[in-house]
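So the sequence lines, in the order shown, correspond to chains A and B. Every letter in the first sequence is one number past the one before it in the working numbering, and letter 10, counting from 1, is 490. Every letter in the second sequence is one number past the one before it in the working numbering, and letter 558, counting from 1, is 811. Glycine is no exception: its CB is placed at the ideal position from the N, C-alpha and C atoms. Given the structure is predicted, the values throughout are model-derived calculations rather than measurements. First the structure, in the form of structure tokens, and then the observations on it.
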Amino acid sequence: MRIHLAIVLLVLSSALAAAQVPAAPAAATGDAKHGRELFESSLRCYACHGYDGQTGSPRLVPMGRAQDAFVAYVRKPSGRGMPSFAATPERDLVDVYAYIRSIAPAAPAVDSLPLLKAIAERRAKAN
Amino acid sequence: MERRDFFKGAAAGAAGLVVNKVSPAEATPVPSRPRIKRPTEADEFGYAQARGGANAGAAASAGAARYGSDLMVDVLKKLGFEYAAINPGSAFQGLHESLLNYGGNTPEILTCLHEEAAVAMAHGYAKASGKPMVVMVHGTVGMLHASMALFQAWADRVPVFLIVGEHRNPTGIINAPHSAQDMGAIIRDFVKFDDEATTPERFVESAMLAYRLAMTPPMGPVALIVPAELQEVVLDRPVRIPELTIPSPPQGETAAVREAARLLVNAERPAIQISKIGRTPKAWDLMIELADTLQAPVQVGTNGSWQKFPSWHPLYGNGGRGYTPDVLLGLEVGEMSNQARTARESGRKTISISSELLFQHSNIHDYGHYADVDLAIAADAEATLPSLIEEIKRLVTPEKKTAMAARGARVAAAHKEGQIKAIEDGRYGWDASPVSVPRMLSELADQIKNDDWAIVSGHQFTGDWQRKLLNHDKPWRYNGDCGGFGIGYDAPASVGGALGHKKAGHLPIGIFGDGDLNFSPGVLWTAAHHKIPVLLVVHNNRAYHAEVMIVQRLMGERSRDVSKANVGTTITDPNINYAQMAKAYGMYSEGPIDNPKDLAGAFQRALAKVRAGEPALIDVVSQPR
């Protein structure tokens, strides 16, 4: 029942240090549908990164890491925040990668979202 | 089946296992044992009343008698209590009766369905209103229920005035467990003061002393153990109720404050870290004045409590990347050991001004580690700020002022950059289902942009989104977290906090997890019954998500199956419908809402109810964080 302060580190740590490279890596080869099942129900990547890869540090979208680098990283992540998926079959990790790559990589612009735009405007006026 | 019938049946069954078969005709009739009348709780009541005096009933009916509990109500009134949160118990029936028939229901009784909720309500109320609420609980059992919330108030340094009824010398079986040799010992590790009232005079004195101690920094909960007999005794003499005087809080010693000012003014990159500062609204203005004078960033941390500083102020934050403070000032920060250690390693300085240095208990480790700060000032930070600010202003030369302004501009630029990034981050998952946390809060922000709102829950499970998307520009905007890092605080503290804002007319909003609500859901009924206006938003992520992540991480570290992290951590199959739960308790509600497009209308309708003076709940099926 205790709330572990360590979770802050978990969320904020450089778990999946997905370098935000300008060019998208090569296309994924896995089964995105199966990857989604793993992402949401078995491997539970959503717990830190959200169902759409939108949270955590870093976000999973847009995914800048190549498939092989992704698999290697999640099997032996740096830091203590990211769980190690060393025992997970490579095929499953490839499928998870395919699911992440299938998520729309770009978020809508702030100006296209009236609520966020209004917050940005209120924020600008505040000081 | 009555208990003794059960035992009779069980005994017969057991006998059948070991006795040779005997035909019914051969069996010798066993005379039934005479029934012994056990005292019932009603008998206990009669016993207690008899001890109140042979003519007590007649005198009371004539309106002439004055009971111990009447005097206690006079004391509670003199102390200015507005509310008494109770879950009824025979051990304080005298007080209960006196509150209603002698005191005219002042303090007003709040009917609570669990003692933990009663104390957590008082906890939230105290932070919102600046004064304690009285809570009355039954001996032992009620007190144990209350103990968790009492611990949270202790860890949060928040005053709560607890009265524990006690059957001091029970003769029956029912009330025996409600008595104890030393009732206060059970909670002594997390109250600032406890005493057992043995005479009417002792009650008066202890109540005054308890209130004074509760309100003197570092503040904290206090408990009075009040025997039922004392409540029901007929007073045969006048008892003086003294005037209440609260000591002025301790200020930092002059030479130490001057040294702190000297270090801060001469620093190149000073920073201020705050935690439980903000006993009164004055701290808000003082904090802004201190930051503006020094042009130093103000760090509020992520999980602490109180933290009174405007979230959209240009100096809010850590100063930006690369801003390593050469002098760090901690104000009411309970734990500065890490900051002090790392600062010493690189020749930087740390200062602590905290009332935490004046009073602690030993058992529970909430007092933190020893911090080898360079300058420790044992004083109330809020009370010390005026002299610190004055001394800083005295030391600032025109040249230093110019340098400070340049520093402030850099800090403000970093703050602005961080805020823009935060808003940009909020775009991701905007239309996702379950609803993203920034979408949920953005929808709420839009609906309350013209209200004088107050967040009466903590924010530890919504990341830092509340401060990023909502401008905390008034001291009452945020009521702080639970203090003890336990869940079950937010829902009842939101209802109590809402009560604390009622007079000021603020629009109270509680945002909490489904895990939290399940500890004391009965508080929804209390809010509905007492018509406490508050918007309650359930951040329903259907799990104890912190634990999902922690367990999964450990499974990975041990190279074991990571797919089982949901066992014992998720709240699904079946999913819980919190909107239906609220309806069952008589509260307006909508949900579960998993389509973000439905949020605006739901918030609009619920807020209309709240603005009209009722509570309302919105169940939002949301992303984990």
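When DSSP states are grouped into helix, strand and coil, P523(B) belongs to the strand group. One Cα belongs to R555(A), the other to A567(A), and the distance between them is close to 8 angstroms.
Between the stretch 731-743 of chain B and the stretch 823-831 of chain B there are fewer than three C-beta pairs closer than 8 angstroms, too few to call the two in contact.
Under the Cβ criterion of 9 angstroms, R545(A) is not counted among the residues facing chain B. Annotation: P563(A) to G809(B) spans about 5 angstroms, alpha carbon to alpha carbon.
Using a C-beta cut-off of 8 angstroms, the stretch 670-681 of chain B makes contact with the stretch 592-604 of chain A, since at least three inter-stretch Cβ pairs fall below that distance. Rounded to whole angstroms, the separation of the alpha carbons of V372(B) and G749(B) is 9 angstroms. Taking a cut-off of 8 angstroms for Cβ pairs, the stretch 632-641 of chain B and the stretch 502-516 of chain B touch, as three or more such pairs fall below it. Counting every other CB atom within 10 Å of its CB across the protein chains shown gives A406(B) a total of 16 or more, marking it as buried.
Taking a C-beta distance under 9 angstroms as the contact criterion, I525(B) and A544(B) qualify as a contact pair.
For the pair L415(B) and L403(B), the CB atoms are nearer than the 9 angstroms cut-off. Counting C-beta pairs closer than 8 angstroms gives three or more between the stretch 857-869 of chain B and the stretch 775-789 of chain B, which meets the contact rule. Taking the beta carbon of P542(A) as reference, no residue of chain B falls within 8 angstroms; the closest one sits roughly 10 angstroms away.
The stretch 696-705 of chain B and the stretch 325-345 of chain B do not touch, with fewer than three beta-carbon pairs separated by less than 8 angstroms. Taking C-alpha positions only, E643(B) is separated from V709(B) by approximately 33 angstroms. Pairing V413(B) with L610(B), the inter-Cα distance amounts to about 21 angstroms. Residue contact with chain A for R878(B): present (Cβ-Cβ distance below 9 angstroms to some residue of chain A). With fewer than 16 other CB atoms across the displayed protein chains lying within 10 angstroms of its CB, E570(A) is exposed. In terms of beta-carbon proximity, R516(A) stays away from the interface with chain B, with every pair separated by 9 angstroms or more. CA-to-CA, the gap between V444(B) and H614(B) works out to about 9 angstroms. Put simply, of S521(A), V590(A), Y531(A), G510(A) the residue whose alpha carbon is nearest the alpha carbon of V688(B) is Y531(A).
Pairing G515(A) with H431(B), the inter-Cα distance amounts to about 57 angstroms. Neighbours of I599(A) in chain B, taken as residues whose beta carbon is under 7 angstroms from its own, are I676, S695, A698, L722 in chain order. Within chain B, no C-beta atom comes nearer than 8 angstroms to that of Y579(A); the closest sits roughly 14 angstroms away.
In this structure, L523(A) sits away from G533(A), with a CB-CB distance that is not shorter than 9 angstroms. Distances from the alpha-carbon of L770(B) to those of T595(B), E419(B), A796(B), Q548(B) put A796(B) closest. Sequence-distant partners of I583(A) (beyond 5 residues in either direction) whose C-beta falls short of 6 angstroms from its own C-beta, in its chain, are D532, G533, V541. Leaving aside the five residues that flank R601(B) on each side, the residues in its chain whose CB is nearer than 6 angstroms to its CB run, in chain order, D579. Selection R730(B), G739(B), A685(B), D625(B) evaluated against P761(B) yields R730(B) as nearest (Cα-Cα). Counting only Cβ-Cβ distances below 8 angstroms, D575(A) has no contacts in chain B at all, with the closest Cβ about 14 angstroms away. Along the length of the stretch 691-769 of chain B, whole alpha helix (DSSP H) runs at least 4 residues long occupy 718-722, 743-754, reported in chain order. Contact between I645(B) and T546(B) is confirmed by a C-beta separation of about 5 angstroms, below the 8 angstroms threshold. For G844(B), the enclosing beta strand (DSSP E) begins and ends at 841-846. Taking a contact to require three or more Cβ pairs closer than 8 angstroms, the stretch 357-364 of chain B and the stretch 332-343 of chain B qualify as touching. Within chain A, the residues placing a beta-carbon under 7 angstroms from that of A818(B) are R524, ordered along the chain.
In summary, no residue of the stretch 629-662 of chain B has a CB separated from any CB of chain A by less than 7 angstroms.
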